[in-house]
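In full-length UniProt numbering, the protein residues as written are 1 to 676.
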C-alpha cells in the first residue's frame, strides 16, 4: 500500500528528485576536495536513496541525466570502505539493484588502485606537510592571551581544518587498504611507509587536539558565538525587510504572499535558536528551518555564506566526537599482518623514533575495538608484543652489541677495516635507546631496559665462559654507557684464570685422557697440554695440586695414587704383552746376540745402522691409519707410563707443599710449655 501511494504521488517523486540533484551538486563540490569530511558516507546514502527511488518508480521513464551524473561520481570515488573488510563499490551497487538499466560498465577500481599506488607516496608527503603546518599554527595561534574577533575566526578555522585534514588522511589509508584487500594485488614495498605514516599523522593530529583541550574548551563557546553573530548579521536585515513588507501588506499596501510568510517564520526560528547555546537540538532545528526556507529573495552570496557558517557551527558543536571518529585507526586491525613490516621499516629510520609512539597509539585503537572480546584482546596484545620484540627490540640489541664489538676491536686490531661514516652513513641507534617507553595496549615496553638486560646477560655469560676476555667486555660496558647511556651491571667475575686450574679429582677420573694429552717436565714438575686448535693450553703444577688438596682434603692423595697405580698395572700388562710377542721378541733376541758378539769391536755402543734396520723391520709388520708402527705405539705407551709416574710424583710434591703451609698453624709445644 505504501509503495503504491509513493508511486502515485508525482509531487513526492519530483521533490525527491530535486533533493537528489541538490545532494549530487553538494557531493560533487566536496568529494576529493580539501573541504571533504564525511562526504563518502553521505555518498553511500545518496546512491542508496537514488536506487530506492528508481525501485519505487519502476516502469516509468528514467531520469537519464541524473543517472549519468550518479555514475560519473565513480571517477572521484569508485570505492568506499564501510567497516572492516567490507567495501562498497558504486557501480556494482547500482547495477545489482537496477538490472534493467543495461549492461554493467567497468567499475574502474583497478585503474583507480593503480593510479592511487603510483601517487600514494607524493599524496601522503603533501598531507604530511599540511599536517605539520597545521600543527605549528595550532601551537602558535592557540593561547590564552589574545581574544580579538579576528583571532577567534582564525582559531575556529584551525579547529575545523584539523578535522577535514584528518578525514582526508583517513580516507587515503582506508581506501588503499580496502581496495588491496578487495583485489588480489599485493601492496608495494615502497608504499608501506606512506601507509603507516597516515596512521602516525592521524594520531599526531589527535594528540594536538588533546594537548590543546583546555584552551579549546575555554575558547570554543566564544568561537561559536562569533559564528552565530555572523549568521545573525546576514539574517536579521532579511527578517526586518520581511516584517516591513508584510506589515505594509496588512495596511493594504501589497497583497500578502504566502511564501514570504513561510520565509519569515523560518528566519525567525533560525535567529531565535542562534541566540542561544550551540546545542544539538538547536542545530537540528536550525538545519531543518534553513532547508525549508524559500531562498528566492536571498542573494546567492548570502546563501553560500550562511550554509558555510552553519556547517562550521555543526563541526564545532561535535568537535570532540568528529576528531575521535576521523583519527580512529581501528581499521589497521584488518591489516595487522603489515604491523611487523611497519616496525621493521621504523627500525631503519633512527631520525624518526618519536613516530613510533604515534604508530603504537594507532595500534591501540584496535585494542579498544577488541577489549570487550576478552580472549581476542589478549591474543592481539601478544601479537603486538611478539612483533615489537622480533622486529624492533631483538634486532636493536644485536645491532648495538655488534656496534660495541666493532668499535672496541677496531681500536685493538690495527688490520681491522674501519667504517667511513661519509660513505656508509651514520646509524645513530642511541635515539631508540633514549626514547620514552612504548605503550602496547595495557603493557609498557621500555626499549632501554630491554637492551640493558640483553647486554648484561650477554656480557656476563661470555665473561663466564672465557674469563680471559674480562677486560674487553669491561671496555664494551664503559663504551655502552658513554655512547648509549646504558648503565650496565658489573659482572663481579674473576679477572683472569683460576689459580687452582685443573682439579686433581677430575684428572683422577680421566687419567687415561690426561696422560695422552699432557707432557711432563721433570725439572719444573709441570704438566703442559699438547698444542691443539684451542687459543690457550692448560698447565698444572705443584701449586695447583696443593690448592686442590686444600679443597678436597689430604685423603684425595691416597685415592689418586691408588687409582693411578691401577692404571699403571694395566699399561704394564700391555707393555709385557708387546715385549713377549713372537715377532718382537725374536728380533730383539737376534739383535741382542749380535750385540754381545760384537760388543768389543763396537765399543759397547749399539750401532745406528742396526737400530734403523730394526725400525724398518718392525714397520713391515704393519702401520695404523695415522702411519704409526708398533714401535711408535710402544714409545707412546712408555710416555704414558712416564706421565702417570710423574703425576704420582707431582701429587707427592703438592702434598708436601700443602702440609708445609699447614704446619704454620701448629703451635710449638716446647714454647707452649715454657709459657706455662
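Cβ coordinates follow ideal geometry from the N, Cα and C atoms, glycine included.
Given the structure is predicted, the values throughout are model-derived calculations rather than measurements.
**Request:** Could you tell me if residue 142 is buried or exposed, where buried requires 16 or more neighbouring beta carbons within 10 angstroms of its beta carbon?
**Result:** Here residue 142 is taken as the residue at index 142 of the chain shown, counted from 1. Looking at its Cβ environment, which holds 16 or more other Cβ atoms inside 10 Å, residue 142 is buried.
Handout entry: Through-space distance from residue 335 to residue 448, alpha-carbon basis
Key = The residue you call residue 448 lines up with position 448 of the chain shown. The residue you call residue 335 lines up with position 335 of the chain shown. Cα to Cα, the separation comes out at about 29 Å.
- Message: Let's see if you can read the secondary structure: which residues bound the alpha helix (DSSP H) around residue 456?
- Response: On the chain shown, position 456 is the one that residue 456 refers to. Looking at the DSSP string, the run of the alpha helix (DSSP H) that includes residue 456 is 447–465.
Through-space distance from residue 462 to residue 679, alpha-carbon basis:
This structure leaves residue 679 out entirely; the chain is present only between 1 and 676.
Given 8 Å, three or more beta-carbon pairs between the stretch 268–280 and the stretch 176–195: The stretch 268–280 makes no contact with the stretch 176–195: fewer than 3 CB pairs, one atom from each, lie closer than 8 Å.
Next on the checklist: For residue 44 and residue 84, what's the separation of their Cα atoms in angstroms?
Outcome noted: In the chain shown, residue 44 corresponds to position 44, counting from 1. In the chain shown, residue 84 corresponds to position 84, counting from 1. Near 16 Å, if we compare the C-alpha coordinates of residue 84 and residue 44.
Worksheet entry | Limits of the unbroken alpha helix (DSSP H) element including residue 46 | Here residue 46 refers to the residue found at position 46 when the chain shown is read from its first residue. Counting along the chain, the alpha helix (DSSP H) containing residue 46 begins and ends at 39–56.
field: Whole beta strand (DSSP E) elements within the stretch 81–127, 3-residue minimum
entry: Fully enclosed beta strand (DSSP E) runs of 3 or longer: 86–89.
**Study point:** Counted within 10 angstroms of its Cβ, other Cβ atoms place residue 476 as buried (16 or more) or exposed
**Key:** Within the chain shown, the letter at position 476 stands for residue 476. By the 10 Å Cβ count, residue 476 comes out buried.
- Message: So for residue 618, helix, strand or coil by DSSP?
- Response: By 1-based counting over the chain shown, the position of residue 618 is 618. Reduced to three states, the DSSP call for residue 618 is helix.
Checklist entry - Count the other CB atoms within 10 Å of the CB of residue 219; is the residue buried (16 or more) or exposed (fewer)? => result In the chain shown, the residue the question calls residue 219 occupies position 219. Classification of residue 219: buried, given that the 10 Å Cβ count is 16 or more.
Exercise for review: Mark residue 10 as exposed unless 16 or more other C-beta atoms lie within 10 angstroms of its C-beta, in which case mark it buried.
Suggested key: Within the chain shown, the letter at position 10 stands for residue 10. Residue 10 comes out exposed.
Step through the CB atoms of chain C and report whether any lies within less than 8 Å of the CB of residue 616. The structure shown contains no chain C; it is built from a single protein chain.
Problem - 6 Å Cβ shell around residue 508 - same chain, five flanking residues per side excluded - result: By 1-based counting over the chain shown, the position of residue 508 is 508. Same-chain partners within the cutoff: 560, 563.
- Apart from the five residues just before and just after residue 405, which ones in its own chain have a Cβ nearer than 6 Å to its Cβ? On the chain shown, position 405 is the one that residue 405 refers to. Excluding sequence neighbours, residue 405 sits near nothing in its chain.
Exercise for review: Can you give me the start and stop residues for the beta strand (DSSP E) that residue 554 sits inside?
Suggested key: Taking the first residue of the chain shown as position 1, residue 554 is located at position 554. Run containing residue 554: none; DSSP gives neither H nor E here.
(Q) Among the candidates 312, 665, 428, 512, whose CA atom is the shortest distance from the CA of residue 349? (A) Your numbering for residue 349 matches position 349 in the chain shown. If we check each option's Cα against that of residue 349, 428 comes out closest.
Determine whether the beta carbon atoms of residue 356 and residue 438 lie at a separation below 8 Å. For the purposes of this step, residue 356 is identified with residue 356 of the chain shown, where counting begins at 1. For the purposes of this step, residue 438 is identified with residue 438 of the chain shown, where counting begins at 1. Using a Cβ distance threshold of 8 Å, residue 356 and residue 438 count as a contacting pair.
Cβ of residue 117 within 8 Å of Cβ of residue 188?
-> Taking the chain shown and counting its residues from 1, the one referred to as residue 117 is at position 117. Taking the chain shown and counting its residues from 1, the one referred to as residue 188 is at position 188. Contact flag set, yes.
*Would you tell me roughly how many angstroms separate the C-alpha atoms of residue 496 and residue 571, rounded to the nearest one?*
If you number the chain shown from 1, residue 496 lands on position 496. If you number the chain shown from 1, residue 571 lands on position 571. For residue 496, the predicted structure reports a pLDDT of 45, less than 50, and the residue's modelled location is therefore unreliable. A value from the coordinates is still provided. Taking the straight line from one Cα to the other gives about 37 Å.
Beta-carbon contacts of residue 253 that lie in its chain and below 7 Å, excluding the five residues immediately before and after: Reading the chain shown from its first residue, position 253 is the one you call residue 253. Low per-residue confidence applies at residue 253: pLDDT is 43, beneath 50, and the placement is therefore not dependable, though the value from the model is reported in the following sentence. Excluding sequence neighbours, residue 253 sits near nothing in its chain.
Cβ pair count under 8 Å reaching 3, the stretch 120–130 against the stretch 187–201: yes
(message) Here's the rule: buried if 16 or more other CB atoms are within 10 angstroms of the residue's CB, otherwise exposed. What is residue 198?
(response) Looking up residue 198 in the chain shown gives position 198. The residue in question, residue 198, is buried, as its Cβ has 16 or more Cβ neighbours within 10 Å.
Starting from residue 283, follow the alpha helix (DSSP H) in both directions and report where the run begins and ends. Here the question's residue 283 lines up with position 283 in the chain shown. Unbroken alpha helix (DSSP H) run through residue 283: 280–292.
Residue 67 to residue 261 span [Cα, whole Å]: As a position in the chain shown, residue 67 is number 67, starting the count at 1. As a position in the chain shown, residue 261 is number 261, starting the count at 1. Looking at the two C-alpha atoms, the distance is approximately 36 Å.
| task | Answer with buried or exposed for residue 1, where buried requires no fewer than 16 other C-beta atoms within 10 angstroms of its C-beta. | result | Translated into the one-based positions of the chain shown, residue 1 becomes position 1. Because residue 1 sits at a pLDDT of 49, beneath the cut-off of 50, its placement in the model cannot be relied upon, and the following sentence gives the value as read from the coordinates. Exposed.
Item to complete: My understanding is that residue 537 touches residue 528, with C-beta atoms under 8 Å, so please give their C-beta distance in whole angstroms.
Response: As a working note, residue 537 is residue 537 in the chain shown. As a working note, residue 528 is residue 528 in the chain shown. Between residue 528 and residue 537 the Cβ distance is about 7 Å, and since that is below 8 Å, they are a contact.
| message | For a quick check, are the C-beta atoms of residue 313 and residue 235 less than 8 Å apart? | response | For the purposes of this step, residue 313 is taken as the residue at position 313 of the chain shown. For the purposes of this step, residue 235 is taken as the residue at position 235 of the chain shown. Contact: no.
**Asked** Within this structure, are the beta carbons of residue 36 and residue 168 separated by less than 8 Å?
**Response** By one-based count along the chain shown, residue 36 stands at place 36. By one-based count along the chain shown, residue 168 stands at place 168. Cβ distance < 8 Å, so residue 36 and residue 168 count as in contact.
Review point. Since residue 242 contacts residue 269 with CB under 8 Å, what's their CB separation in whole angstroms?
Key: For the purposes of this step, residue 242 is taken as the residue at position 242 of the chain shown. For the purposes of this step, residue 269 is taken as the residue at position 269 of the chain shown. Incorrect: roughly 13 Å between the Cβ atoms, too far for contact.
From which residue to which residue does the beta strand (DSSP E) around residue 519 run? By one-based count along the chain shown, residue 519 stands at place 519. Counting along the chain, the beta strand (DSSP E) containing residue 519 begins and ends at 518–521.
- prompt: If you draw a straight line from the C-alpha of residue 74 to the C-alpha of residue 108, how long is it?
  reply: Locating residue 74 in the chain shown gives position 74, where the first residue counts as 1. Locating residue 108 in the chain shown gives position 108, where the first residue counts as 1. Cα to Cα, residue 74 sits roughly 8 Å from residue 108.
Starting from residue 529, trace the beta strand (DSSP E) both ways and give me its first and last residue.
Within the chain shown, the letter at position 529 stands for residue 529. Residue 529 -> beta strand (DSSP E) spans 526–529.
| task | Would you grab the beta carbon distance between residue 206 and residue 323 for me? Rounded to a whole angstrom, and I think it's under 8 Å. | result | Counting from 1 along the chain shown, the entry for residue 206 is found at position 206. Counting from 1 along the chain shown, the entry for residue 323 is found at position 323. Rounded, the Cβ-Cβ distance is 6 Å, consistent with contact.
Got a sec, what are the start and stop residues for the beta strand (DSSP E) residue 439 sits in?
-> Within the chain shown, numbered from 1, the residue matching residue 439 stands at position 439. Element bounds for residue 439: 438–440.
Q.
So, does the stretch 549–558 touch the stretch 586–605, judging by three or more C-beta pairs under 8 Å?
A. no
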